[in-house]
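Working notes for the structure below.
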Amino acid sequence: MKYYSLNNNSKDVSFLNAVKNGLASDRGLYFPKKIPLLSKDLIKNIKSFSNHEIAFKAIEPYVGKDIPNERLKRIIEETLSFDFPIIPITNSISSLELFHGPTLAFKDVGARFMARCLAYANEIKETKKLTILVATSGDTGGAVADGFYDVDGINVVILYPKGKVSPIQEKQLTTFGKNITALEIDGTFDDCQDMVKSAFIDSEIKEKISLTSANSINIARWLAQMFYFFIAFKERPNPDKKLAISVPSGNFGNLCAGLMAKQMGLPIDHFIASTNINNTVPNYLETGIYSAKKSQTTLSNAMDVGDPSNFIRIQEIFNNDLFKTKKSISGSYFNDSETIKGIKEVFKKNKYITDPHGAIGYLGLKSFLNLTGEDFSGIFLGTAHPIKFAETVESTLKIKMDIPERLKSILELNKKSIQIENYNQLKLFLLDR
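Numbering (our numbering) for the sequence shown: 16 to 448.
Structure representation (structure tokens):
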């Protein structure tokens, strides 16, 4: 498998080279030269395969010969080392919980998969020390920090917007030390992301430092997220009905991965791009005009993205055909007041506790099902453990949640971050290191 730049102005590369590069030299996102088709036997008999077997069949065509099959199987086993339960909320709505990994967020899967792919790449070819430069709107930072902590030959630099991540999220990305450094930016996630993209095309930095990214712009982070959708299809509660999946969406890597699985032949009938007032994509689906905007701060901070990087990949999947896009995706967006109501409504159903992102996923799915009738059953993705948004959830539901054991030790650690204000300061920091 080869990967080309969506800016169409750089050379095609192999899987591992695309992972190491992060972005193409022309600042474009990588995309596979072809989307392989799954065997009909896998879909027909999916219940007879383990999650590890399904994940291998899904990702192997994208990896090709870059990683031997036995090593790739081991990487998958280490990546999918925790549960992904589906919890019924109503007769037609369920939650797929993706937050049972080490940092209690869906991004653990992509971060762990990418870390192990890069570890293999370093084993087979010694290179100068690699620096992973990543922007986070919340959970990516903690997942990347955990996935790459103390990995030989790799430094991690995380940019996050000051005051715009939850206290637990901030602890998870600022307390590791060693090869992990957190940079606190007085701005938005989009500002952080712009700095990262600028560093990737800065000739002076590229000459002295080997950079890659661990955002969902990186193919290893992005494509590994397909695994969720195979699990959702395999374990869906109402297999006799059409399946709709609602994806809480920020940078749109997760939704894009689901669409890739659909293009490969996984029979998911419809996706809902559920987001907050940062509604660039729902507006596009309604008007046909893509108009990026400055992100606004909300309770669902991981979705505070005004110009989602991965949407260009979604456009590539559908060849920029709006009609085809709208056949597979609809968009919904909700403000903070509606999000609070969603948290309360889900709790009222069966005492199920969801975080603000999950609540938006629920609301988007509910809205879609109300329009389509009884032919569909749906799953929304639970992307973060509600404890990560304890202040919002506890005050909304008038409850007190237990803190998971894996978080208690982190909360006792001291925050370590460096404040920077602009790209020049980021550049000086990177070059000084």
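All C-beta atoms in this analysis are idealised placements derived from N, C-alpha and C, irrespective of residue type, glycine included.
- Residues of the same chain with a CB within less than 6 Å of the CB of Gln208, apart from the 5 flanking positions on each side, are Ala150 in chain order.
- When Pro401, Glu353 and Lys363 are compared, the shortest CA-CA separation from Gly379 is found for Glu353.
- For Glu301, same chain residues with a beta-carbon under 6 Å away, outside a window of 5 residues either side, do not exist.
- In this structure the stretch 251-269 does not lie against the stretch 183-196, because fewer than three pairs of beta carbons, one per stretch, are closer than 8 Å.
- With respect to Ile50, Gln278 sits close: the two C-beta atoms are nearer than 9 Å.
- For Gln434, the enclosing beta strand (DSSP E) begins and ends at Ile433 to Ile435.
- Here DSSP, grouped into helix, strand and coil, assigns Gly273 to helix.
- Spanning the alpha carbons of Pro282 and Glu185 requires a straight line of approximately 38 Å.
- Of the residues Glu420, Ala136, Phe99 and Lys415, the one whose Cα lies closest to the Cα of Leu87 is Ala136.
- Secondary structure note for Val211: its alpha helix (DSSP H) is the uninterrupted segment Phe204 to Phe215.
- In the DSSP annotation of this structure, the continuous segment of the alpha helix (DSSP H) that includes Thr295 starts and ends at Thr295 to Thr302.
- In this model, Gln311 and Ala374 are separated by some 18 Å (Cα to Cα).
- Put simply, the backbone Cα of Val28 is about 35 Å away from that of Val180.
- DSSP places Glu199 inside the beta strand (DSSP E), whose first and last residues are Ile195 to Ile200.
- Residue pairing from DSSP places Val149 in a beta bridge opposite Ile173.
- In terms of CA proximity to Ala130, Ile234 leads the group Ile234, Asn66 and Ile435.
- Cβ contact annotation for His285 (same chain, cutoff 6 Å, sequence separation greater than five): Ala259, in chain order.
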